[in-house]
Amino acid sequence: MGFFLVSFSIILSLVFFYYEQLVKLTTNIDLALLVGFAAIASGVSGVMMTLSSNKVANFEAIREYFQQGDATHMMLNRQAIYEYEESDEENKALDEKAAAEICSFYHFWGMMVKKRFLPLWIFKGASGVSVVRLHTILQPYINEKKLKKGYYADGFDILVERIKKKYRY
Numbered sequence: 001m002g003f004f005l006v007s008f009s010i011i012l013s014l015v016f017f018y019y020e021q022l023v024k025l026t027t028n029i030d031l032a033l034l035v036g037f038a039a040i041a042s043g044v045s046g047v048m049m050t051l052s053s054n055k056v057a058n059f060e061a062i063r064e065y066f067q068q069g070d071a072t073h074m075m076l077n078r079q080a081i082y083e084y085e086e087s088d089e090e091n092k093a094l095d096e097k098a099a100a101e102i103c104s105f106y107h108f109w110g111m112m113v114k115k116r117f118l119p120l121w122i123f124k125g126a127s128g129v130s131v132v133r134l135h136t137i138l139q140p141y142i143n144e145k146k147l148k149k150g151y152y153a154d155g156f157d158i159l160v161e162r163i164k165k166k167y168r169y
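Per full-length UniProt numbering, the very first residue in the sequence shown carries number 1; after that it's consecutive.
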């Protein structure tokens, strides 16, 4: 793509700076035709640049998701939720701070998936299984919060629905 853009810019500079010499070589070419070609090429290069910047933005979102998810406090939050699941009934106490942070984290990334800023394929494998498991553990907590705040963790719900639908976890 870079080669194409460099070649195209060289051709355009030849056209604009050595126009008279090119006219002598090609007397049948109309100026309006050249301007039309330049406009088309400009539009195509703009679309190509937009597509490449979208790929970069997706990559940045993916990197951010994994960096934030691997942060120490997020690992400790997930560990607290898993320990809650495995605890016996008499010692069962949900760490509400950890639950809220997990819900907030996955709510945000669910919204990013919904708006197509984060591709769903990153949840194929262990990451998706973990999200679904955490959601299952936290479902009573989420339902309780939704009684007061109707849209609590909706992004988390959307994310889990999409993961289950796509990957059948």
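For every residue, glycine included, the Cβ atom is placed at its ideal position computed from N, Cα and C.
Is ALA98 near ALA71, with beta carbons less than 8 Å apart? no
In the DSSP assignment, the alpha helix (DSSP H) including LEU76 goes from what residue to what residue? 72-86
For PHE37, the nearest candidate out of ILE122, SER9, PRO140, LYS166 (CA to CA): SER9
Could you tell me the alpha carbon to alpha carbon distance between LYS55 and ASN91, rounded to whole angstroms? 47 Å
Rounded C-alpha distance that separates TYR151 from ALA57: 28 Å
Own chain partners of ASN77 with C-beta closer than 6 Å, once the 5 adjacent residues on each side are dropped: ALA98, GLU101, ILE102
Quick one: what does DSSP say LEU51 is sitting in, helix, strand or coil? helix
Looking at TYR169: is its Cβ nearer than 8 Å to the Cβ of VAL113? no
Beta-carbon proximity list for GLY128, same chain, < 8 Å, skipping 5 on both sides: ILE163, TYR167, TYR169
SER130 to GLY69 span [Cα, whole Å]: 11 Å
When the Cα atoms are used, what is the spatial distance from GLU86 to SER45? 56 Å
Compare the C-alpha of ILE137 against each of ALA126, SER7, GLU83, PHE59 and name the closest. GLU83
Range covered by the alpha helix (DSSP H) that runs through TYR106: 96-114
Could you tell me the alpha carbon to alpha carbon distance between ASP157 and HIS73, rounded to whole angstroms? 22 Å
Using the rule of at least 16 other Cβ atoms within 10 Å of the residue's Cβ for burial, across every protein chain shown, is ILE142 buried or exposed? buried
Quick check on the burial criterion: 16 or more other C-beta atoms within 10 angstroms. Buried or exposed for LEU33? exposed
Within 10 angstroms of the Cβ of PHE105, are there 16 or more other Cβ atoms? Answer buried if so, exposed if not. buried
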